[in-house]
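Asks: First, the structure itself, so that you have it in front of you.
In the UniProt record's numbering, the protein residues as written are 1 to 279.
So, in structure tokens, the structure goes:
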């Protein structure tokens with residue numbers, strides 16, 4: 001019964017935008033150590049949506065250490081350990097992407113996920129057990145995760161998890177919002193016919209560093225694009241950010257094998273094109 005529970009909060013849609021870490025070390029079923037820190041994301045830029053979730057702002061992390069600065073402190077908790085997180089896929093990929101960004105070696109570790117093991121939201125778990133939780137505070141979430149994993153390792157029969165009646169209604173992140181309504185109606189009359197996007201049928205998928213989906217769609221519509229939400233044989237361009245929809249990319253590949261010639265633009269390529277268009 002030895003493991004490390006970990007939780008990260010992020011500043012915006014990119015998983016490398018870690019702005020807070022909470023770590024709880026457990027040995028023989030007892031919490032023996034805790035570590036927490038605010039972290040300055042690489043660009044110290046925040047989406048308002050993320051701030052509404054965890055309350056952290058750019059002002060709060062302006063003078064905080066980067067993950068690079070504190071990695072030597074964090075690494076012993078992680079390297080060669082069993083890492084446990086609630087929705088571990090997110091936290092592990094956030095760590096790996098941030099280490100890659102700073103050109104730091106990714107340590108070897110195993111990991112497990114309390115969400116997959118319980119199928120319950122963390123605040124519902126805490127409500128059921130009567131544990132206090134300051135949700136979306138990284139250390140509080142890591143400690144709740146640690147307590148849940150101790151319960152799982154004890155092989156006790158788990159309770160039926162009750163829904164927390166006090167939880168806030170979940171909102172949809174703006175960078176994941178499904179585009180609909182007016183943004184899908186093209187405005188060719190007010191767009192420059194010489195724009196590289198003029199009358200191009202465009203699909204946006206994934207999370208972008210520089211824009212949320214509506215912002216990017218508005219920019220492209222202003223340049224004469226016809227924004228679509230689904231890939232078809234009529235699609236001309238697909239804007240691809242981080243964590244794109246795999247079914248969309250598979251559809252692009254299948255259609256291109258049929259000779260459709262759908263072009264994929266990643267964020268850096270799109271930035272370069274827009275910088276030329278706007279110069």
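Each residue gets a CB set at the ideal place from its N, CA and C atoms; glycine is no exception.
Check whether the segment 118-127 touches the segment 14-29, taking contact to mean three or more Cβ pairs, one atom from each stretch, closer than 8 Å.
Replies: no
Asks: From residue 190 to residue 224, what distance separates their C-alpha atoms?
Replies: Within the chain shown, the letter at position 190 stands for residue 190. Within the chain shown, the letter at position 224 stands for residue 224. Roughly 8 Å between the two C-alpha positions.
Asks: With the cut-off set at 8 Å, would you say residue 227 and residue 184 are in Cβ contact?
Replies: As a position in the chain shown, residue 227 is number 227, starting the count at 1. As a position in the chain shown, residue 184 is number 184, starting the count at 1. Taking 8 Å as the Cβ cut-off, residue 227 and residue 184 qualify as a contacting pair.
Asks: What's the gap between the Cα of residue 110 and the Cα of residue 218?
Replies: Start at 1 with the first residue of the chain shown, and residue 110 comes out as number 110. Start at 1 with the first residue of the chain shown, and residue 218 comes out as number 218. Going from the Cα of residue 110 to the Cα of residue 218 covers about 42 Å.
Asks: DSSP beta-bridge partners for residue 264?
Replies: Residue numbering aside, residue 264 sits at position 264 when the chain shown is read from its first letter. DSSP output for residue 264 lists 238 as bridge partner(s).
Asks: What are the partner residues of residue 85, as DSSP defines its beta bridges?
Replies: Within the chain shown, residue 85 is the residue found at index 85, counting from 1. The partner list for residue 85 (beta bridge, DSSP) reads 113.
Asks: Straight-line CA distance for residue 160 to residue 182?
Replies: Along the chain shown, one-based indexing puts residue 160 at 160. Along the chain shown, one-based indexing puts residue 182 at 182. Going from the Cα of residue 160 to the Cα of residue 182 covers about 44 Å.
Asks: Quick one: what's residue 164 bridged to in DSSP?
Replies: What you label residue 164 is simply residue 164 of the chain shown in a count that begins at 1. Bridge partners of residue 164: none, in fact.
Asks: With C-beta atoms as the reference, is residue 86 less than 8 Å away from residue 33?
Replies: Here the question's residue 86 lines up with position 86 in the chain shown. Here the question's residue 33 lines up with position 33 in the chain shown. No, the Cβ-Cβ distance between residue 86 and residue 33 is not below 8 Å.
Asks: Assign residue 75 to one of three DSSP states: helix, strand, or coil.
Replies: Reading the chain shown from its first residue, position 75 is the one you call residue 75. Here residue 75 sits in helix by DSSP.
Asks: Using three-state DSSP, classify residue 259 as helix, strand or coil.
Replies: In the chain shown, residue 259 corresponds to position 259, counting from 1. In this structure, residue 259 counts as coil in the three-state DSSP scheme.
Asks: Just how far apart, CA to CA, sit residue 106 and residue 80?
Replies: Position 106 of the chain shown, counted from the start, is the residue given in the question as residue 106. Position 80 of the chain shown, counted from the start, is the residue given in the question as residue 80. Between residue 106 and residue 80, the C-alpha separation is close to 11 Å.
Asks: Could you check if residue 28 is buried or exposed, using at least 16 other CB atoms within 10 Å of its CB as the buried criterion?
Replies: Walking along the chain shown from the start, residue 28 turns up at place 28. Classification for residue 28: exposed.
Asks: So what's residue 108 in DSSP terms, helix, strand or just coil?
Replies: Within the chain shown, numbered from 1, the residue matching residue 108 stands at position 108. Correct three-state label for residue 108: coil.
Asks: In three-state terms, what does DSSP make of residue 228?
Replies: Sequence index remark: in the chain shown, residue 228 carries index 228 (1-based). Strand.
Asks: Below 8 Å on the Cβ atoms is my contact criterion, and I expect residue 39 with residue 62 to pass it. Report the Cβ-Cβ distance as a whole number of Å.
Replies: If you number the chain shown from 1, residue 39 lands on position 39. If you number the chain shown from 1, residue 62 lands on position 62. Residue 39 to residue 62, Cβ: 12 Å. No contact.
Asks: Report yes if the C-beta distance between residue 24 and residue 74 is below 8 Å; otherwise report no.
Replies: The residue you call residue 24 lines up with position 24 of the chain shown. The residue you call residue 74 lines up with position 74 of the chain shown. For residue 24 and residue 74, no; Cβs fall outside 8 Å.
Asks: Would you kindly work out how many angstroms separate the C-alpha atoms of residue 167 and residue 134, rounded to a whole number?
Replies: Numbered from its first residue, the chain shown carries residue 167 at position 167. Numbered from its first residue, the chain shown carries residue 134 at position 134. Each residue's Cα considered, the two are about 11 Å apart.
Asks: Which first and last residues belong to the beta strand (DSSP E) in which residue 142 is found?
Replies: Reading the chain shown from its first residue, position 142 is the one you call residue 142. Looking at the DSSP string, residue 142 is not in any beta strand (DSSP E); the run it does join, the alpha helix (DSSP H), is 138-153.
Asks: Please find out if some non-hydrogen atom of the ligand ZN comes closer than 7 Å to the beta-carbon of residue 64.
Replies: The ligand content of the structure shown is nil, which means the ligand ZN is not present either.
Asks: Just to check my reading of the structure: residue 214 and residue 179 have Cβ atoms closer than 8 Å, yes? What is that Cβ distance to the nearest angstrom?
Replies: As a first step, residue 214 must be located in the chain shown, where it is residue number 214. As a first step, residue 179 must be located in the chain shown, where it is residue number 179. Confirmed, about 7 Å.
Asks: By the DSSP assignment, the alpha helix (DSSP H) with residue 128 in it spans what residues?
Replies: In the chain shown, counting from the first residue as 1, residue 128 sits at position 128. Looking at the DSSP string, the run of the alpha helix (DSSP H) that includes residue 128 is 122-129.
Asks: Would you list the residues sitting across from residue 35 in a DSSP beta bridge?
Replies: Residue mapping note: residue 35 aligns to position 35 of the chain shown, counting from 1. Under DSSP, residue 35 takes part in a beta bridge, and its partners are 23.
Asks: How would you write the range of the beta strand (DSSP E) that residue 5 sits in, first residue to last?
Replies: Taking the chain shown and counting its residues from 1, the one referred to as residue 5 is at position 5. It spans 3-10 - the beta strand (DSSP E) in which residue 5 sits, taken as one unbroken run.
Asks: Please report how far the alpha carbon of residue 164 lies from the alpha carbon of residue 195, in whole angstroms.
Replies: Stepping through the chain shown from its first residue, residue 164 is reached at position 164. Stepping through the chain shown from its first residue, residue 195 is reached at position 195. Taking the Cα positions, residue 164 is about 51 Å away from residue 195.
Asks: On the DSSP bridge assignment, give the partners of residue 202 in chain order.
Replies: Position 202 of the chain shown holds residue 202. Per DSSP, 227, 237.
Asks: What residue range is occupied by the uninterrupted alpha helix (DSSP H) comprising residue 53?
Replies: Here the question's residue 53 lines up with position 53 in the chain shown. Residue 53 -> alpha helix (DSSP H) spans 48-54.
Asks: If residue 35 and residue 11 are in contact, beta carbons under 8 Å, what's the gap, nearest whole angstrom?
Replies: Stepping through the chain shown from its first residue, residue 35 is reached at position 35. Stepping through the chain shown from its first residue, residue 11 is reached at position 11. The beta carbons of residue 35 and residue 11 sit about 20 Å from each other, so the pair does not count as a contact at 8 Å.
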